[in-house]
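Going by numbering that gives the first Met the number 0, 97 is the number at position 98 of the sequence shown; the sequence numbering is gapless.
Just so you know, even glycine gets a beta-carbon here, dropped at the ideal spot from N, CA and C.
If you're wondering where the values come from, they're calculated on a predicted model, not measured in any experiment.
Worksheet for the structure shown next.
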Amino acid sequence: MNYTQSTVVSLISHLHAITADFTNAKLAKKNLVSSHGFILYLLSVNKKMTKTEIAEATNRDKSTTTVLTRKLIEEGLVKEEASPTDGRTRLISLTTKGKSLNKLTSSISEDLLKVCYKGFSATEKKQLLELLLKMNSNVENELKKD
Numbered sequence: 000m001n002y003t004q005s006t007v008v009s010l011i012s013h014l015h016a017i018t019a020d021f022t023n024a025k026l027a028k029k030n031l032v033s034s035h036g037f038i039l040y041l042l043s044v045n046k047k048m049t050k051t052e053i054a055e056a057t058n059r060d061k062s063t064t065t066v067l068t069r070k071l072i073e074e075g076l077v078k079e080e081a082s083p084t085d086g087r088t089r090l091i092s093l094t095t096k097g098k099s100l101n102k103l104t105s106s107i108s109e110d111l112l113k114v115c116y117k118g119f120s121a122t123e124k125k126q127l128l129e130l131l132l133k134m135n136s137n138v139e140n141e142l143k144k145d
């Protein structure tokens with residue numbers, strides 16, 4: 000496809016799909032997909048999160064997040080426990096086995112960034128980030144109006 004200014008959102012969607020394919024190919028050896036990898040990354044940064052927090056961070060609905068976290072629990076990569084402050088709230092955190100995958104998921108992310116940024120100057124990387132953040136903000140602000 001020949002992308003233009005008016006089809007930039009299609010290009011962003013295409014990039015999302017092919018970067019997921021890249022990540023999925025690397026994670027397939029561990030019987031995981033990119034969504035699992037992102038949850039593992041989030042938990043490595045945040046330590047403990049509710050399913051609602053994970054759903055918001057991954058832009059998934061709660062039922063999809065439940066399915067994804069259930070798979071990670073079955074694989075022994077995360078655990079679910081009651082919050083010490085509110086027994087109704089369940090917290091998800093990494094297990095030792097899950098933490099051991101941090102090196103793999105970090106490596107995959109680094110490889111993807113190297114591929115994506117190939118030929119980019121530091122200034123171009125900064126400009127790209129600024130422009131995408133601006134676009135993201137525009138869409139989020141529009142959604143808040145509804």
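- Under the 10 Å beta carbon count, K133 is surrounded by fewer than 16 other beta carbons and is classified as exposed.
- Straight across, the Cα-Cα distance linking K124 with L41 is about 23 Å.
- Counting C-beta pairs with one atom in each stretch, the region 1 to 13 and the region 50 to 58 have fewer than three that are closer than 8 Å, which means they do not touch.
- Within the same chain, no residue comes within 6 Å of A121 by CB-CB distance, once the 5 residues on both sides are set aside.
- Boundaries for E74: no alpha helix (DSSP H) harbours it, and the DSSP string shows neither H nor E there.
- Taken atom to atom, the span from the alpha-carbon of T88 to that of K113 is near 39 Å.
- In this structure, I107 lies near K25, with their beta-carbon atoms less than 7 Å apart.
- Under the DSSP definition of a beta bridge, S92 partners with K47 and K78.
- In the DSSP assignment, A121 falls within the alpha helix (DSSP H) that extends over A121 to K144.
- Contact between I38 and T65 does not hold, since the beta-carbon distance rounds to 12 Å and is not under 8 Å.
- Nearest neighbour of V7 by Cα position, chosen from K117, K143 and L130, turns out to be L130.
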